[in-house]
Amino acid sequence: MASRFQAVTLVDSPSYPNSIAWSDENLIAVASGHLVTILNPALPFGPRGLISINRSEPYPIGAVKREDLASGCLLPTTLNRDPRPSVRSVSWSNLGMAPNSGCFLAVCTTEGHVKLYRPPFRDFCAEWIEVLDLTDRLYDYLASISFEDPDIPPSEISNEPVTNHGYVDDPTDSVSVEEQKRRKVNNFGVRNAGLETSCDQISRGPCPSPELEGQGPPKGRCTKSGGRKSSHQIVPATRGRGRSAKKPPEVCSLPLITADQYASRSAMLSSLVVAWSPLLKLSSRICGAPEINSSICFSLLAVGSKSGKISFWRINVPEYYSIEQSLAPTRVELIGILKAHSSWVTAISCALLASDSSSPQVLLATGSSDGSVRIWIGHGEEFLKSTEVNNAPFYPLKEIINIYAVPVSVLALMPTQSLHKMLLAVGRTSGAIEVWIGDTSVKTFNKAGPYDAHDQVVTGLAWAFDGCFLYSCSQDNFVRSWSLRGSSLSEMPIPSSSPGLRSVSDMPDVFISCLGLVVSPSNLAVAMVRSFDVNQLDHMYEARLQKAAVEFFWIGGHQKDILSNTSLEFDIEALPGFTEKELVYWESNILWSLKQYEHWDKPLVIWDIVAALLAFKWSAPDYVDHVLVKWLSSSFVDVHVERSIGKVLPHVCKSFCKAASRQLQLLNIICRQVILPELNADEINSNLLNFTVDNPNFAQDKQHKLWMDLLSRSEKELRERLVGISFSAYRSFASNSATTSSEPGYWYPFGMAQMEQWVANNNHQVHDQLKVVATEIKTCKRSRCIELAEEDKEQCSYCSAPVPFESPEFGVCRGMESNGSSGQQHKLARCAVTMLVCPITPLWLCKCCQRWISKLAPESLFKMPQQYCLDYKFSPEPSSIKVASKPQCPFCGILLQRSQPEFLLSPLPV
C-alpha cells in the first residue's frame with residue numbers, strides 16, 4: 001500500500017467533486033464547506049490563505065403568486081434551508097492573470113455566484129481579495145434582454161403594495177402568529193442569489209424584509225439592471241446596490257411572472273462549475289493591433305449553469321504588472337453563451353490543442369446531469385471577433401450519449417504531444433470511468449472502457465506523464481491508478497516506496513470519502529483531499545478541528561515508458577525498500593520532468609523535483625549524482641563523456657555559451673536547492689563574487705568546488721547576456737533618437753554606467769564582443785546629452801552619501817562626514833537586473849536566490865534558445881523597439897513576488 005509523505009488537516013470537509021486544485025504558483029486550493037483553504041505544499045504546516053463565503057441577496061428576477069410556490073419547479077427553492085452557502089467548484093487561472101503576475105482563483109458557490117479572487121500581495125492579510133462577482137455581470141446582461149422572454153404587458157406588472165412579509169396577494173393583518181414564525185425561520189434560513197431562495201424571497205423580490213439575526217439590513221435590489229459593487233473590483237464597476245435601512249411598505253415594481261419563468265431565470269443565474277482555459281496569445285496580425293511586435297494575451301473562464309448553458313468570459317492579461325498597485329487595468333467581457341446541454345452542466349474541462357501557436361485552438365469538454373458529454377473546439381481569433389453573445393465561438397466535434405442517463409460528475413481533458421490528438425476521461429456518478437481517444441483533424445473518437453472503477457460517485461480524475469497514467473478517486477474512499485497503453489486502460493498500483501517518508505503518525509487514519517485529487521506541476525506527486533469519519537474521532541478534541549485532510553503521495557516510481565533491459569549503474573543497497581526497477585523508473589521520470597521545463601514558456605515550478613532529489617540525497621547522495629550526471633550530459637554536453645560528476649562538470653561549463661537561458665536557470669536552481677541546500681542564498685551570492693576553484697574557503701571537497709564553479713559561471717553567462725541585451729537596446733534607442741523614458745509593461749535599459757563598470761571589472765572573463773559594444777556605448781554617451789551620465793553618481797537612500805560601484809550584488813555608501821568624522825555606512829541592495837541601488841519602495845523578490853529587483857528584465861532574455869548566434873544579441877533592434885518586461889528572476893527564471901511576513905502565505909515554486 002502506498003504511504004503518504006506528508007499530510008495536513010482541514011477544519012471543514014468538502015462536499016462536492018473536484019474540491020482541490022493546484023496552481024502554476026505552487027499553491028493548493030481546497031473547497032471545504034463555506035471556506036476555501038489555500039496551502040503551500042512546500043510548507044504544509046505554515047501560513048494559509050483563506051476565502052470565506054457569505055450569504056448574498058437574491059436578484060430581482062420577478063414576483064410570483066403565493067399559490068405558485070408549491071409548483072414542482074419551485075419546490076427545491078421553497079424548501080431550501082441551507083444556513084450558509086458552500087463552495088461548489090474552484091479553478092485556478094494561468095500564471096500572469098493577476099495584477100502581480102500570479103493566478104486568479106475562480107470560486108463557484110451553492111448560491112450560484114462565481115467570484116474571482118486575487119492574492120493579498122499588498123494587503124498583508126490572510127483573507128484573499130475579491131476582485132469581481134461575474135454573476136452580477138451576467139444578471140445585468142440577462143436583465144437587459146428580459147431573460148430572453150417576450151416583453152411582459154404592463155397589465156401583468158404587480159403594483160400591489162408589499163408588506164414586510166412580502167406576499168403579493170395577502171394583507172398583513174390576515175397573517176397568523178404561527179405563519180409569521182414560519183416565515184421568520186424561512187428568512188433566516190436562506191440568503192440566496194435567486195436560485196435557492198425561501199418562499200418569502202421568491203414572492204417578495206427586492207422588497208424590504210426583516211433584518212436577520214446578527215446582520216445588518218439586507219441589500220436593496222429594486223433596480224432592474226443593478227449590480228453589486230465589490231470594494232476591490234478591477235473591471236469597471238456596475239451600478240451599486242447599497243444596503244438600505246428598513247423602510248415602510250412600498251409598491252413592488254417587479255413583473256409578475258409564472259413559476260416556470262421564475263425557475264428558468266433562476267437556472268440561468270445558478271452556476272454549478274467553473275473552468276479556466278489555457279492562456280491564449282494572439283499576434284498583432286490576427287488581433288489587428290497597430291503596434292509592431294504587439295500581441296493580446298487573454299484567458300477564457302467557462303461557467304456552467306443549471307439551465308444547460310455555459311457562459312464564456314474573456315479576461316485579458318494586465319497591461320503591466322505591479323506589486324504596489326492592486327487595481328491594474330483588467331478587461332472582463334462576456335463573449336458568448338452556449339446552449340451545451342438540455343440539463344444541468346455538471347463538469348467542464350478545457351485544454352489548448354497542440355497546433356500552430358499563431359492561431360491557437362481551445363478544446364472544451366462538457367458533461368451534464370443527463371449523462372451526455374460533448375466535445376467542442378474554438379479558434380483564438382474568433383474569441384476576439386465575437387460580437388453576439390448568443391453565438392458562442394465554439395463548434396461541436398463529438399457528442400457522447402449514455403443510454404442509461406448516468407450523470408457525469410468529473411471530466412479530465414488532455415491534448416497529447418501528437419498534433420490534433422486528445423484524451424478525455426469521463427467519471428460518472430455510478431462509479432464508472434471511460435476514456436476517449438480522439439483526432440480532431442478527422443473528428444474520429446475511439447472509446448476505451450467503460451470500467452467499473454469505483455462503487456460510488458467518481459469525484460476526481462487527473463492525467464499525468466503526457467497521458468500515460470490516469471488517477472481516479474471516489475466517494476467510496478478509494479484512489480486508483482490506471483495505465484493507458486494504446487487503447488487499453490489497465491489498473492496499476494500506486495508505488496509503495498516513498499523517498500524521504502515523513503512521520504504523520506499523529507493524524508488519524510479513519511477516512512470515509514475522497515472528494516478530489518490533483519497532480520503536481522512536475523507530475524511526480526499527487527495530492528488528494530479526504531473527509532474523516534467523525535464518528536471514529538474523539539468528539540472533544542479531534543472531531544472539532546479535524547474534518548478532512550490533504551494527503552500527498554509520490555508517483556515518480558511509475559513505469560512511464562517501456563524500457564529496455566537497462567541496468568542501474570548504482571548500488572541499490574543504499575536505498576532499502578526500493579527495487580532496481582523502481583529506481584530506474586524514478587530516474588526516467590525525473591529526467592522527463594526536467595526536460596519539460598526547458599521550454600521558456602512553461603512556468604518554472606519544480607518544487608516536487610527538488611523535494612524528491614533532496615529526499616533521495618539524504619539516504620543516497622550517489623544516486624542523485626547519477627541522475628544529475630545524466631541530465632547534464634543530455635542537456636549541455638554534445639559528446640559522450642565518462643559517467644562521473646567530476647568528468648561531466650568541466651564539459652558542462654564549456655557549453656554555457658550555446659545553452660538556452662532556461663537551461664541555465666534550471667541548472668542554477670538545482671545547484672542552490674539540491675547541491676547547496678545547507679548554505680543560505682546570501683552566503684552563496686557573497687561566495688560567488690570572488691569564487692575561484694583554487695580558493696579553499698568556499699568548499700570542503702573537490703566536487704563541492706566544481707558545483708560552485710558551475711553556478712558561478714552559469715550566473716555570469718546570464719548576467720553577460722542581460723548586459724549585452726541592454727547595451728544593444730541602448731544603442732538602438734540612441735541611434736533612433738528614442739525617448740529615454742519607459743512605458744508601463746515595457747522594458748527600457750537602465751544602469752548603463754554600472755554595467756560598463758562591471759564589464760571593466762570582469763574584463764578577463766567576458767566575451768570579446770561585449771567589450772567592443774561597451775566601448776561603443778561610452779562613445780555614444782559622450783555624443784548625447786550630458787544628463788545621461790547622471791546615473792554614474794548614486795546616492796544612499798538613507799544619508800545621501802555617494803555609493804561607489806564595487807559589486808553587482810550590493811553597494812556600501814561612504815557615509816556623510818560630520819564634525820570631522822565619517823558617518824555611518826549603509827549596505828544597500830542592488831537591483832539584479834540594472835545593478836542600480838534599489839530605492840526604498842516595495843521591490844520584487846526572488847524566493848530562490850533572494851535577490852531584489854526594482855526594474856524587470858526583458859522578455860527576450862528568457863527566450864534565448866540553444867545554439868543562438870552570439871552576435872545577434874548585440875545587433876541593433878528595430879526603430880520601434882518595444883520589449884515586454886517579465887516579472888521573473890533573470891538568474892532563476894521563477895516568478896518574482898513581493899516579500900511577505902513569515903506569518904502570511906507566499907508561494908514557493910522551488
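So for the sequence shown, full-length UniProt numbering puts the first residue at 1; every next one is plus one. Note that beta-carbon positions come from the ideal geometry of N, C-alpha and C, so glycine has one too.
Linking Y623 to S635 through their CA atoms gives a straight-line distance of about 19 Å. Every candidate beta strand (DSSP E) stretch fails here, since none sits fully inside the segment 598 to 685 while reaching 3 residues.
Cα atoms of L604 and Q900: separation of roughly 21 Å, rounded to the nearest angstrom. Excluding five sequence positions before and after T429, the CB atoms of its chain that fall closer than 7 Å to its own CB belong to V406, P407, S409, V457, given in chain order. A Cβ-Cβ contact shorter than 8 Å links L718 with F891. The segment 446 to 456 makes no contact with the segment 381 to 397; the number of CB pairs closer than 8 Å stays below 3.
Segment contact: the segment 545 to 553 against the segment 6 to 25, three or more CB-CB distances shorter than 8 Å; contact assigned. Closest option to S266, judged by alpha-carbon separation, among V529, S146, L282: S146.
Its chain contains W707, L710, L711 as the residues whose beta carbon lies nearer than 7 Å to that of C671, once the 5 sequence neighbours on both sides are disregarded; these appear in chain order.
In the three-state scheme derived from DSSP, where H, G and I count as helix and E and B as strand, S593 is classed as helix. The segment 337 to 351 and the segment 365 to 373 touch, with three or more beta-carbon pairs separated by less than 8 Å. Relative to N761, the option among Y748, P808, E859, F383 whose CA is nearest is P808.
Beta bridge pairing from DSSP links N446 with I437.
Taken in chain order, the complete beta strand (DSSP E) segments of 3 or more residues contained in the segment 751 to 782 number zero; there are none.
In the structure shown, W463 adopts extended strand secondary structure according to DSSP, grouped into three states. The residues V627, in chain order, have a CB closer than 6 Å to that of I590 in the same chain once the five nearest residues on each side in sequence are set aside. Residue burial annotation: A340 is buried, with at least 16 other C-beta atoms found within 10 angstroms of its C-beta.
Contact annotation: S474 and G431 have beta-carbon atoms nearer than 8 Å. The distance from the Cβ of V510 to that of V610 is about 33 Å, inconsistent with a contact at the 8 Å cut-off.
Of the candidates C846, P495, L524, R530, R530 places its Cα closest to the Cα of P508. With respect to the C-alpha of Q795, the residue from T775, M816, I323 having the closest C-alpha is M816. DSSP lists no bridge partner for E25.
Looking at the backbone, the Cα of I400 and that of I375 are separated by about 8 Å. For D452, DSSP records a beta bridge to A432. Residue environment analysis places D24 among the buried positions, since at least 16 neighbouring C-beta atoms fall within 10 angstroms of its C-beta.
T346 sits in a strand when the DSSP states are folded into three classes. In the DSSP assignment, R122 falls outside any alpha helix (DSSP H) and carries neither an H nor an E.
At the C-beta level, L583 and G556 stay beyond 8 Å of one another. Counting only residues of its own chain and dropping the five nearest sequence neighbours on each side, A774 has a CB closer than 7 Å to the CB of F727, E756, V759. C848 places its beta carbon 8 Å or farther from that of I777. Per DSSP, the unbroken alpha helix (DSSP H) holding A143 starts and ends at 134 to 144.
In this structure, G304 is the residue among V426, G304, E319 with its C-alpha nearest to the C-alpha of S342. For S496 and S3, the gap between their C-alpha atoms comes out near 6 Å. Taking a C-beta distance under 8 Å as the contact criterion, N40 and L904 do not qualify as a contact pair.
Annotated three-state conformation of I894 is coil, per DSSP.
In this structure, V107 is the residue among V107, G72, G46 with its C-alpha nearest to the C-alpha of H34.
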